[in-house]
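In what follows, a single structure is set out as structure tokens and then discussed.
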Amino acid sequence: MATFLDYARDEVRTFAEQPFCGEDALIFSQLVYLSFPDALATKSLTLQQLLRRETYPALIDEMSHGQEALELLRLCGESPRFRDVRLADRISPNSTADPNRFCAATFILPDSTRVIAFRGTDGTIAGWHEDYRLLFVTPPLDSQARALAYLKSHASAHLAERPEIIITGHSMGGNLAIYAAAVAPHSVQSRIRAVYAQDSPGFIRSFIESQQFQAIRSRVHKYVPESSMVGMLFDSGVEETVVRSNAHGSEQHFLSTWLFTHPQIEQEASGEEQKPALKSTSEKSHEQAPETSLKPASKQSQEQTHKPALEPSNEPVAVTASAPQPSDLWVLDRTEHLSRYSQALANTLNGWRESLDVAQRERFIETLFSALDSTGYVQFSQLRENWNTVIPVISQYLRSLPATDRNQLSSAIGELVKLIVLPSGEENS
Numbered sequence: 001m002a003t004f005l006d007y008a009r010d011e012v013r014t015f016a017e018q019p020f021c022g023e024d025a026l027i028f029s030q031l032v033y034l035s036f037p038d039a040l041a042t043k044s045l046t047l048q049q050l051l052r053r054e055t056y057p058a059l060i061d062e063m064s065h066g067q068e069a070l071e072l073l074r075l076c077g078e079s080p081r082f083r084d085v086r087l088a089d090r091i092s093p094n095s096t097a098d099p100n101r102f103c104a105a106t107f108i109l110p111d112s113t114r115v116i117a118f119r120g121t122d123g124t125i126a127g128w129h130e131d132y133r134l135l136f137v138t139p140p141l142d143s144q145a146r147a148l149a150y151l152k153s154h155a156s157a158h159l160a161e162r163p164e165i166i167i168t169g170h171s172m173g174g175n176l177a178i179y180a181a182a183v184a185p186h187s188v189q190s191r192i193r194a195v196y197a198q199d200s201p202g203f204i205r206s207f208i209e210s211q212q213f214q215a216i217r218s219r220v221h222k223y224v225p226e227s228s229m230v231g232m233l234f235d236s237g238v239e240e241t242v243v244r245s246n247a248h249g250s251e252q253h254f255l256s257t258w259l260f261t262h263p264q265i266e267q268e269a270s271g272e273e274q275k276p277a278l279k280s281t282s283e284k285s286h287e288q289a290p291e292t293s294l295k296p297a298s299k300q301s302q303e304q305t306h307k308p309a310l311e312p313s314n315e316p317v318a319v320t321a322s323a324p325q326p327s328d329l330w331v332l333d334r335t336e337h338l339s340r341y342s343q344a345l346a347n348t349l350n351g352w353r354e355s356l357d358v359a360q361r362e363r364f365i366e367t368l369f370s371a372l373d374s375t376g377y378v379q380f381s382q383l384r385e386n387w388n389t390v391i392p393v394i395s396q397y398l399r400s401l402p403a404t405d406r407n408q409l410s411s412a413i414g415e416l417v418k419l420i421v422l423p424s425g426e427e428n429s
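Numbering-wise, the UniProt record's numbering puts 8 at position 8 of the sequence shown, and it's gapless, one number per residue.
Set out below in structure tokens:
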């Protein structure tokens with residue numbers, strides 16, 4: 001199963017030879033999660049120059065799927081497409097205790113195009129709590145205001161050359177990307193070529209219908225995995241592109257699990273004779289990787305799917321003498337439909353959203369995350385890994401609520417918890 005590692009390894013054409021695309025946006029949305037030391041991030045170094053072995057442990061500190069992200073940086077640093085891209089104007093999170101943990105960075109392409117990437121929330125329960133606060137907090141959130149300020153500040157610093165701007169972000173970072181692009185003044189908005197959002201929460205209907213959003217709507221590209229959770233919050237205002245993943249449930253939120261496909265493979269499947277397809281980086285380490293399924297994965301299969309990558313190797317990347325043709329490249333593995341799990345979650349969230357006023361939504365979300373916090377776990381993945389002990393703890397918490405809240409909220413929260421926590425979103429008898 002191919003991932004962004006295969007794309008970064010095999011796409012060796014420069015941006016002059018092959019224009020920026022959604023696959024590239026995903027790469028930069030992932031790279032902004034790396035914790036580059038300020039001593040390096042403030043020097044406008046190329047991705048190739050950022051390959052410092054002594055910084056590797058700090059780059060992925062407390063980061064989910066960190067080894068894959070580190071390998072991605074190594075491949076980008078070797079790639080003719082990415083190695084001359086410069087990192088600039090990075091803003092680091094103020095504190096690990098801050099659930100927003102606002103972080104942004106600008107990647108400067110060789111033609112001076114600026115790719116502004118906003119980091120999303122991490123895999124913690126506190127991080128997801130911030131996403132779900134969109135259900136009752138009127139924009140702008142603090143992180144949205146900071147994203148707009150970052151975009152305006154960066155744009156005003158380059159008034160003379162007026163380079164084009166591409167904005168991207170994963171999870172809440174995608175929401176920030178869209179918000180900043182829509183609310184930016186016309187002088188900035190006119191320079192925005194495209195906005196990319198990967199599994200990001202949407203917006204309230206009034207924002208989607210606003211002239212501000214409609215002005216950039218045609219430039220917004222949103223991607224979600226088959227079993228999207230975060231991407232189902234609120235309205236997108238655009239048609240989503242659904243991407244296959246090698247993970248289950250909430251783990252599909254991570255970009256490292258999103259699958260890429262090779263056009264040759266599709267042609268062979270349709271009966272056309274082609275040369276043997278390239279072997280993906282993921283397949284080299286996951287020969288028996290299971291196919292995506294809505295059924296709960298066994299512990300053994302989960303370990304195979306999410307087995308951490310080894311330390312970055314020093315093996316050189318094989319670059320062909322001539323640039324590859326489009327048929328030789330990896331692209332995101334698209335599918336037409338969301339999973340039943342994601343559709344059920346979307347219907348549940350949207351149904352409750354329409355039936356509750358703002359105050360009720362706030363009480364509902366705060367009670368939901370208090371129930372999740374009562375388990376003592378920090379990461380969402382821990383809830384799913386230990387669902388058989390988590391469910392009783394949450395049930396006990398809900399029984400301890402005041403009678404009014406217990407009667408009004410317990411049933412709805414219980415159903416949502418099952419969708420979030422149980423493997424593949426399915427109940428187990």
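Even glycine gets a Cβ: it sits at the ideal position worked out from N, Cα and C. Computed from a prediction, not measured in an experiment: that's the story for all the values here.
### Query
Which runs of the beta strand (DSSP E) spanning at least 3 residues fall entirely within the segment 181-221, listed in chain order?
For the segment 181-221, the full-length beta strand (DSSP E) segments reaching 3 residues or more read 192-198 along the chain.
### Task
Give the single residue among Ala-8, Ser-171, Ile-108 and Pro-57 whose Cα lies nearest to the Cα of Thr-124.
Distance check between Thr-124 and each of Ala-8, Ser-171, Ile-108 and Pro-57 places Ser-171 closest, using alpha-carbon atoms only.
### Task
Pull up the distance between the alpha-carbon of Val-188 and that of Arg-399, whole angstroms please.
Those two C-alpha atoms are separated by around 52 Å.
#### Entry: Which of helix, strand or coil DSSP assigns to Gln-382
For Gln-382, the secondary structure class from DSSP, reduced to helix, strand or coil, is helix.
### Query
CB Phe-260 to CB Gly-237, shorter than 8 Å?
The Cβ-Cβ distance between Phe-260 and Gly-237 does not fall below 8 Å.
### Query
Hey, Phe-82 and Ala-177 are a contact pair by Cβ (cut 8 Å); roughly how many whole angstroms apart?
Taking 8 Å as the upper bound for CB-CB distance, Phe-82 and Ala-177 are not in contact here, some 20 Å apart.
### Message
Once DSSP output is grouped into helix, strand and coil, what is the label at Asp-142?
### Response
Note: Asp-142 maps to helix in three-state DSSP.
### Message
Taking the straight line between their C-alpha atoms, what separation do you get for Val-390 and Ser-250?
### Response
Their Cα atoms are separated by approximately 16 Å.
### Query
Whole-angstrom Cβ separation of Leu-383 and Leu-372, contact assumed at under 8 Å?
Yes, Leu-383 and Leu-372 are in contact; Cβ-Cβ is about 7 Å, under 8 Å.
### Own chain, CB closer than 7 Å to Thr-375, minus 5 neighbours either side, in chain order
Hits under 7 Å: Leu-383, Val-390, Val-393 and Ile-394.
### Supposed contact pair Ile-166 and Phe-20 - C-beta distance, whole angstroms, cut 8 Å
Contact flag correct, Cβ pair sits at about 6 Å.
### Selected residue, minimal CA-CA separation from Ala-197, among Arg-133, Gly-22 and Glu-385
Selected option, being the one with the closest Cα: Gly-22.
#### Entry: Asp-89 in three-state terms, based on DSSP
Looking at Asp-89 - three-state DSSP - the assignment turns out to be strand.
### Query
Between which two residues does the alpha helix (DSSP H) harbouring His-129 extend?
Taken as a continuous stretch (DSSP letters only), the alpha helix (DSSP H) holding His-129 covers 125-132.
### Message
Taking 7 Å as the limit between beta carbons, can you name the residues of its chain near Gln-325, skipping five residues before and five after?
### Response
At Gln-325 the pLDDT is 48, less than 50, meaning the model places this residue with poor confidence and gives no usable figure here.
### Query
So, is Ser-190 buried or exposed, given that buried needs 16 or more other C-beta atoms within 10 angstroms?
Around the CB of Ser-190, fewer than 16 other CB atoms lie within 10 Å, so the residue is classed as exposed.
### Residues sharing a beta bridge with Arg-361, DSSP
DSSP output for Arg-361 lists no bridge partner at all.
### Query
Pro-201: buried (16+ other C-beta within 10 angstroms of its C-beta) or exposed?
Its Cβ being crowded by 16 or more others within 10 Å, Pro-201 is buried.
### Task
Per DSSP, which residues does Pro-225 bridge with? Please list them.
Pro-225 is bridged to Val-243.
### Message
Given a cut-off of 8 Å on the beta-carbon distance, is the pair Thr-367 and Leu-409 in contact?
### Response
It is a contact, given that the beta carbons lie within the stated cut-off.
### Query
Along the chain, where does the alpha helix (DSSP H) that runs through Gly-169 open and close?
No alpha helix (DSSP H) holds Gly-169; the beta strand (DSSP E) holding it covers 165-170.
### Task
Going by CA-CA distance only, name the one from Gly-173, Ser-342 and Tyr-7 that's closest to Leu-248.
Contrary to the premise, residue 248 reads as His rather than Leu in this sequence. Comparing Cα positions, the closest option is Ser-342.
### Message
Considering only the alpha carbon of each residue, which of Ser-381, Arg-114 and Glu-239 lies closest to Asp-199?
### Response
Distances from the CA of Asp-199 to each of Ser-381, Arg-114 and Glu-239 were compared; the closest alpha carbon is that of Glu-239.
### Query
What residue range is occupied by the uninterrupted alpha helix (DSSP H) comprising Arg-340?
Run containing Arg-340: 340-355, per the alpha helix (DSSP H) assignment.
### Task
Count the other CB atoms, across all protein chains shown, that sit within 10 Å of the CB of Lys-222; report buried if there are 16 or more and exposed otherwise.
Result: buried.
### Task
Can you tell me which of the three DSSP states Trp-258 falls into?
Three-state DSSP puts Trp-258 in a strand.
### Message
Output needed for Ala-155: all residues of its chain with C-beta closer than 8 Å, excluding positions within five of it in sequence on either side, in chain order.
### Response
Residues of the same chain with a CB within less than 8 Å of the CB of Ala-155, apart from the 5 flanking positions on each side, are Ile-165, Ala-184, Ser-187, Val-188 and Arg-191 in chain order.
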